[in-house]
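Residue numbers (our numbering): 1 to 535.
Notes to accompany the following structure.
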Amino acid sequence: MIAYARDRRRFLLFGRSRRPGPEVHRRRAEVLLDSLLELGPTFIKLGQLLSTRPDVLPPAYIEVLSALQDEVPPAEWESAKAVIEDELGPVDERFDAFETEAISGASLGQVYRAEVDGQPVAVKVRRPNVESIVETDLRVIRWSLPIILYFVDDARSFSLENLADEFARTIREEMDYEREAAMLAEIRSNFAGDDRFVVPDHLESHSGSRVLTMEYVEGTKINDLEELERKGIDRTRLAERLERAYLQMVIDDGVFHADPHPGNLAVTDDGRIVFYDFGMSGRVDEFVQGKIVEFYVAVANQDIDAILDVLIEVGTLSPEADRAVMAEVMEIAIRDARGEDVEQYRVNQIVGQIEDSIYDFPFRLPKNLALVLRVATVVEGVCVTLDQDFDFISVATDFLTERGYREESVRQYLSETAQQVRRSGESLTRIAPKTERALDRLERDDLYVRMGLEDPEDVATQLAKRLVYGMLLSTSLFSTGLLYALEAPEAAAVAGALSVVFLIVLYRSFKEKKGMRVKPQFTRQNLRKRRGGDE
1 MIAYARDRRR
11 FLLFGRSRRP
21 GPEVHRRRAE
31 VLLDSLLELG
41 PTFIKLGQLL
51 STRPDVLPPA
61 YIEVLSALQD
71 EVPPAEWESA
81 KAVIEDELGP
91 VDERFDAFET
101 EAISGASLGQ
111 VYRAEVDGQP
121 VAVKVRRPNV
131 ESIVETDLRV
141 IRWSLPIILY
151 FVDDARSFSL
161 ENLADEFART
171 IREEMDYERE
181 AAMLAEIRSN
191 FAGDDRFVVP
201 DHLESHSGSR
211 VLTMEYVEGT
221 KINDLEELER
231 KGIDRTRLAE
241 RLERAYLQMV
251 IDDGVFHADP
261 HPGNLAVTDD
271 GRIVFYDFGM
281 SGRVDEFVQG
291 KIVEFYVAVA
301 NQDIDAILDV
311 LIEVGTLSPE
321 ADRAVMAEVM
331 EIAIRDARGE
341 DVEQYRVNQI
351 VGQIEDSIYD
361 FPFRLPKNLA
371 LVLRVATVVE
381 GVCVTLDQDF
391 DFISVATDFL
401 TERGYREESV
411 RQYLSETAQQ
421 VRRSGESLTR
431 IAPKTERALD
441 RLERDDLYVR
451 MGLEDPEDVA
461 TQLAKRLVYG
471 MLLSTSLFST
481 GLLYALEAPE
491 AAAVAGALSV
501 VFLIVLYRSF
511 KEKKGMRVKP
521 QFTRQNLRKR
531 RGGDE
């Protein structure tokens, strides 16, 4: 925490701010990564969440923490067996067969193979005593948070408080297997009848809050390209199906599988996509869904102003940000994201460019949108692994067009334009009589004008402070000279000390920096330098 704070201000409590380079950030991030691994399950999850929050950490931290895998050795079988039997009853009675060697282990749970009524199943078991560990760790995080907030700026403070609340809620939800079963069932129903996807069903009779029993569906790991080729599966079509599935979940259904890394995605021999592990799932409200559609449409149309409007409306970009600067960032991002084909560009490159600027500009990520952003980048990465020339935006554009979202956007624009024209006409009819009344009052010398001065940057207050500091400094300097002339050295020393204090305070009032600088740090040249340094 001290190292992170010193990256923002040289001597913690005083001194000028500083901007350490990527090398310093990378060293800090690697130390943080080692610490998170040693601290255990809760902090591994925290590191994974931090890797999706570029509004909290610099890009170098994001890159290092993105490699954090939620894979730890499984707990001993006897302790896991105790959890199963406490939840369901004797293992031998409830299951026809049960393999005691876990097939996967994570920080919060582990998975075993078994059989129920002759059918293979996967049994997910919460780690023994993990609840008390998590609650203890959450108390540590809540205790540490006020210390961290003391050393960061207001924008970062807001993001960190939101992050802490989001993390506590997310990790408790992920430990609740009854919630996971409900999310799984809802997503499964949304894909009912679509034979391109497989969402394993769960066995309610063999599930509880700490144990979840699901169908066991075998498949090839989605990033095992050699095996997919050997089985004759069209990888381009597979990537398109995967993207469309997540677009449907986020935009149409409003409930989505939020952990689409290759370990949770598989492919059957006949080319169907299998989804595993619904512990991390999310919901999107209608407002955010609409804004996601607007964002994709604006990117497809290369409409920079519309992109910025959407970012401001969802609360990601501060309205006080310099639109000219951010428009340049968006323009560069889209231009750099294009491939050899002018119309081809990838969403993860756009998001990557935005993430680089989030730490320098007044950006923050709303809770649900942060999870959606993570899903979009991970899915795009899987798609590009399947097909290096995959065009994420083109598929998204086709999806929006087929579902009528683009036409709806045009209709909404025309409707809003018509309303504006109607309101403008109504205003014109009211202007003439109001103007006549104002001229009559002016002619009778009965017109008064009241003015209010808006000072969002507290310029007047700052000026008043400087005037007061200046007068106090002048008075103390005069008093110092007068007392020294009157041969009162002790009183003169006190007055001199006060003069030094007032001088320092006056000097610091001119050095304070509030708000966003007029000259941005994120320029076209800086962007290219930073990208070159990262490479």
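Here a beta-carbon is modelled for each residue, glycine too, at the ideal position from N, C-alpha and C.
For the set Ile-307, Glu-380, Gln-248, the Cα lying nearest the Cα of Pro-262 is the one of Glu-380. Taking the C-beta atoms as reference points, Val-384 is found no nearer than 9 Å to Val-274.
The three-state secondary structure of Phe-191, taken from DSSP, is coil.
Counting C-beta pairs with one atom in each stretch, the stretch 220-240 and the stretch 249-256 have fewer than three that are closer than 8 Å, which means they do not touch.
Secondary structure at Lys-124: strand, using DSSP grouped into helix, strand and coil. The residue from Asp-259, Val-83, Leu-238, Leu-138 with its alpha-carbon nearest to that of Ser-207 is Val-83. Residue ranges of uninterrupted beta strand (DSSP E) with 3 or more members are absent from the stretch 282-338; none lies entirely inside it. Contact annotation: the stretch 95-105 touches the stretch 116-128, with at least three C-beta pairs closer than 8 Å. Val-199 sits in coil when the DSSP states are folded into three classes, being neither helix nor strand.
Taking the Cα positions, Ala-75 is about 30 Å away from Tyr-61. By the Cβ-count criterion, Phe-478 is exposed, with fewer than 16 other Cβ atoms from all chains shown falling within 10 Å of its own Cβ. Contact between Leu-467 and Ser-499 does not hold, since the beta-carbon distance rounds to 17 Å and is not under 8 Å. Residue range 109-116 is occupied by the beta strand (DSSP E) that includes Tyr-112. Collapsing the DSSP output to three states places Gly-105 in a strand. Taking a contact to require three or more Cβ pairs closer than 8 Å, the stretch 37-45 and the stretch 127-147 qualify as touching. Thr-268 is a Cβ neighbour of Glu-218, given a cutoff of 9 Å. Taking 9 Å as the cut-off, the Cβ atoms of Ala-114 and Ala-97 count as close. Put simply, the backbone Cα of Ala-491 is about 15 Å away from that of Val-501. Counting only the Cα atoms, Thr-136 lies some 38 Å from Asn-190. Out of Arg-172, Phe-95, Glu-93, the CA that lies nearest to the CA of Ser-132 is found in Arg-172. Closest in alpha carbon position to Phe-278, among Pro-58, Gly-109, Leu-463, is Gly-109. By the CB criterion at 9 Å, Ser-509 and Tyr-484 fall outside the cutoff. The three-state reading of DSSP puts Thr-100 in coil, since its state is none of H, G, I, E or B. The Cβ atoms of Lys-45 and Phe-167 lie closer than 9 Å to each other.
Secondary structure note for His-25: it is in no beta strand (DSSP E), and the uninterrupted alpha helix (DSSP H) holding it is 22-39. In this chain, the beta strand (DSSP E) harbouring Val-267 covers 265-267. The Cβ atoms of Glu-78 and Ala-29 lie no closer than 9 Å to each other. Taking the CA atoms as reference points, Ile-148 sits about 21 Å from Ala-370.
In the displayed model, Glu-226 falls within a helix according to three-state DSSP.
Taking a contact as a CB-CB distance under 8 Å, the pair Pro-260 and Tyr-246 counts as one, their CB atoms being some 7 Å apart.
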